[in-house]
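Numbering (my numbering), first residue to last: 7 to 1223. The next block holds one structure in the form of structure tokens; read it before the comments.
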């Protein structure tokens, strides 16, 4: 549980490590005459009153004991509480000064400023135990790690551990959850957190390449710097302390440490230029430190819950943070200014990651989602559900894909839009961390059981490609394990290599099978695609064949018909010729008859001429009569023969025409019979083909649909073959590669085992050299201080002698100057009195002027105020009038409607009067017209009866005529049947014509009867309409309606008059308001005129009042110049005398300062001699102590250096070449 409320005793949390509490350097810069502040003399008594009750050997709250100097220097549970020379960085001062929590002491009165200054002075003075102690320098690391930020891979080799510790700090019985992991952005290097140590692995060889001890707590986050040269860790102990530590990846040395948290640091990162380190913790604060000074650069206080993740952008411009409330923020990395408050997840946001171009940030949350954010406008790009139960970790690959892990035991790869690209098999427990490696092809995950798995990206899956341990064995055990593994792999390798050849043959066979299936599927797809077209073409061909057969049949029928027609026509011609023979014989007699007629007619004409010559000749008359008789008989004969001649000509012409039209006889249809038989065979073959194809067609979709699955299965089969081959090849290669690696490992581990001792000896040598350097500098500083003290004593003795000699003369000069000053004071008094009197007279006249001018100003002010008030009143009245006018306009506006209504109602009354008069006249007219309409109704009824009777007669006539139609039709049919039996019979032909004429006459009669019946029907309809009109007109209701109209008109007129009265009443109120407002406007107009006249009256009164005041001012101004001249003369004299007096005062002050300075110089010199005399023995003691220590250290140095050199050379020779 986190602490809330009461803070525990003093400094129970601290982040300064024990190593930082070591004495890093010594310095002897003592203040010349200042008292040394020491623990024993000053600090212990102060702490005894305030702190010992909690921080003593028995209680040791926060594991801190302040009762002795040594215990204080050991620090508390979190490390050192003092940093020599750095009060701000010392928790003993900052907590008491309330610069950071927990404020100390937690109860009782706080330390006063005097006490705080005393503690600060002790720290700045080098945290001395006693006055003879050597002052210490700050142990806080201050380094300049700045580098240039590059957008791509840094120049030169990328850092990897070299000759660092490989012996585990601890080997635990069981593995535990991995809380932190990181991957180098440029090389095959991965770091992970383990108990009391950080492990570094080469991801190519899978070998442990470095161990960075971390015994102060537990690592919560790891990140490599942008160029890969540094590794930064955030961690600590929950509820106790937290910090960030930076290691040099190449050497394994700690470079710096920042943070003084009271709880573990949840996340830390270092900026790409190595100038800033950021930490986030349960304090809800984001703190950024300057690596050069180790001091806070800025603090961000805007998070509302534990800060869970921090990350600088790859370009170093921005800083991203997230908290347990789900908030995601982006800040300006340089100063902590807010850049974008991006948004909020629905649960804790536990991790953030930047894309390599710094334009996209990814965040993940325990709500199970991942969000991506763009940095142009700070908007969310995408949000998607990524892992059930929560997302634990998110990482970008260098090429922009996203890798995530979650509580569902899965690792997944996504594109930037949240599309899942690949997934690893479930690990059966929550996956705490995942990092992508520099090659964009691999990633490493860690789970709650402590399993670390390397994954290679596949098309849709992540394939395991290696494992790492978070609990490595001791080097000696690893050597044995490596040798065993090497023997095992060497034995397996031949079998693994032999398995490749059958795998190659199997893969080839599977590829060939795949090619065959693809060809078959392609053929099926082509068949499926083309077959409908083939069927359509065949059906078109079948239709064409059927059409051809139909045409052949039609041609055969036509030819058969033509043969029949030809025969019929030939028979008809023969019949006509048979018919023509007797008629032609008869017609031949017509020529003789014609001749007889002509001859008889000629004889008649001749007889007529003779009779003319011999009129009355009986014989000629008899001859004429005989000729006429003969002519008549000849004409009868001629006329009798004429039809035969016409018939003979007609038949001759018809026969000639028929023979011309008849043409040659058509050929027999045998060729068409053959064509029809051949076409029938083709039709059957085509129809059978279509039926077969149609039977095949429904089966093809299933075959086509099955094609992809066949291909997929074959492809899967081929892939299996390739995978089997690749697995065989990889197994052999992996074994061979691992053998190549492991062959060197025992030698490397033996060298690393030896190097463990080398590193210990190097650390001893470094400490020895540091101690030697410190004591050498301390001796040098003490000797210099001793020389300086001796010089100060001699200089101080000379200063005392000089001061003693000078004091009598300086004292006499002071007394003389003081006497001169007293005389001048007496002399100047009358001059001062005269100056005061002259000034009083001048001031009197000025007062008159000032007073009168004030009175004028007051009068002017009163005038201005009166005029302003009058104008204001006039303006107010004018505004009031304007308001009234607006009100009048509003009332007029309101009145306009009622007035308009009144006018409308008045206009409505007149039409109502006219309507009543018209209704009364209509009633009189309706009464008179009723009798006329009764007669018209009776006449219309009679006309309707006559029309009805006429319609009935016409319909009966139509029925009678229709009964004749069928017998006539039967007669036509019978005549045609007879004619058909005796074709060409003239009598029967005439009979058919007569029957057809009779049928046509009956049809015409029916048509005429129908027309007559329709006309009669229309006449009856019109008569009925006329009767209905007359009956409707002959209605006494019209008179009643007229009476009702009179009543309605009377009611409407009464209503109109009532509405007019109501409208008049409605208009009465606004009319009254209008009249009242008009009266008010007139009254205010009079008041306005009065106010407008007031300014002129006020101006006149003002002129009368200021006339006497101006006169008094003029008199005072006349009297003032001579008085001012007199004052100027008096004041000039006073100034001259005052200057003399002031000069004398300055002389007295200087003489006094010189005299007092001489006395102080002697006193100071005496104090300096005393301090320096006391200091020299102290420096002698320090020199003696330093000399003694150097004498002890000097003999150890060279042997130790030689030993380390020899061991290092031996180690290097042990490494594999």
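Quick reminder that beta carbons are idealized off the backbone N, C-alpha and C, glycines included.
Within 10 angstroms of its Cβ, does residue i collect 16 or more other Cβ (buried), or is it exposed?
i, result
"residue 1218", "exposed"
"residue 38", "Low per-residue confidence applies at residue 38: pLDDT is 38, beneath 50, and the placement is therefore not dependable enough to give any value."
"residue 631", "exposed"
"residue 247", "buried"
"residue 718", "exposed"
"residue 1207", "exposed"
"residue 486", "exposed"
"residue 214", "buried"
"residue 480", "exposed"
"residue 957", "buried"
"residue 764", "buried"
"residue 1155", "exposed"
"residue 613", "buried"
"residue 644", "buried"
Between residue i and residue j, is the Cβ-Cβ spacing less than 8 Å?
i, j, result
"residue 394", "residue 374", "yes"
"residue 476", "residue 205", "yes"
"residue 324", "residue 334", "no"
"residue 362", "residue 404", "yes"
"residue 1175", "residue 794", "no"
"residue 961", "residue 1019", "yes"
"residue 265", "residue 280", "no"
"residue 654", "residue 579", "no"
"residue 217", "residue 252", "no"
"residue 796", "residue 1182", "yes"
"residue 997", "residue 981", "yes"
"residue 398", "residue 356", "yes"
"residue 187", "residue 200", "no"
"residue 292", "residue 316", "yes"
"residue 441", "residue 377", "no"
"residue 191", "residue 230", "yes"
"residue 672", "residue 577", "no"
"residue 369", "residue 351", "yes"
"residue 449", "residue 461", "yes"
"residue 174", "residue 478", "yes"
"residue 1133", "residue 854", "no"
"residue 1094", "residue 873", "no"
With residue i and residue j assumed to form a contact (beta carbons below 8 Å), what rounded beta-carbon distance in angstroms separates them?
i, j, result
"residue 342", "residue 295", "The pair is not a contact, with the Cβ atoms about 12 Å apart (cut-off 8 Å)."
"residue 1224", "residue 1189", "Given that the chain is displayed from residue 7 to residue 1223, the structure contains no residue 1224 and the question cannot be resolved."
"residue 647", "residue 596", "4 Å"
"residue 805", "residue 1178", "The pair is not a contact, with the Cβ atoms about 13 Å apart (cut-off 8 Å)."
Open item on the list: So, does the stretch 250–258 touch the stretch 162–173, judging by three or more C-beta pairs under 8 Å?
Closed with: yes
TODO: Could I get the ranges of all uninterrupted beta strand (DSSP E) runs contained in the stretch 423–504, with 3 residues as the minimum, in chain order?
DONE: 426–429, 437–442, 448–453, 458–463, 468–474
TODO: Assess, as a yes-or-no matter, whether the stretch 1056–1076 is touched by the stretch 893–912 under the definition of 3 or more beta carbon pairs within less than 8 Å.
DONE: yes
TODO: Count the CB pairs spanning the stretch 39–57 and the stretch 124–143 that are closer than 8 Å, and state whether there are at least three.
DONE: yes
- [ ] Entirely within the stretch 938–993 and at least 4 residues each: give me those alpha helix (DSSP H) ranges in chain order.
- [x] 971–987
Open item on the list: Measuring CB atoms only, is the stretch 745–761 touching the stretch 524–539, in the sense that at least three cross pairs come out at less than 8 Å?
Closed with: no
TODO: Examine the Cβ distances between the stretch 915–929 and the stretch 1049–1058 and report whether three or more of them are shorter than 8 Å.
DONE: yes
- [ ] Examine the Cβ distances between the stretch 722–730 and the stretch 483–498 and report whether three or more of them are shorter than 8 Å.
- [x] no
- [ ] Could you say if the stretch 881–896 and the stretch 1154–1163 meet the contact criterion of at least three C-beta pairs nearer than 8 Å?
- [x] no
Task: contact_flag[the stretch 171–186, the stretch 426–443] where n(CB pairs < 8 Å) is 3 or more - done: yes
Open item on the list: If we require 3 or more residues per run, which beta strand (DSSP E) segments fall completely within the stretch 184–262?
Closed with: 187–189, 195–200, 203–208, 213–219, 224–230, 236–243, 247–254
Open item on the list: With three or more C-beta pairs closer than 8 Å as the rule, is the stretch 677–686 touching the stretch 492–507?
Closed with: no
TODO: Jot down the residue ranges of each uninterrupted alpha helix (DSSP H) in the stretch 587–619, minimum 4 residues, whole runs only, in chain order.
DONE: none
Task: Contiguous beta strand (DSSP E) assignments of at least 3 residues, all confined to the stretch 846–871 - done: none
Task: beta strand (DSSP E) segments (min. 3 residues) lying fully within the stretch 92–120 - done: none
- [ ] Decide yes or no for the touch test of the stretch 1071–1089 against the stretch 867–885: beta carbon pairs closer than 8 Å, at least 3 of them.
- [x] no
Task: Sufficient close CB pairs (3 or more, under 8 Å) joining the stretch 945–952 to the stretch 963–974 - done: no
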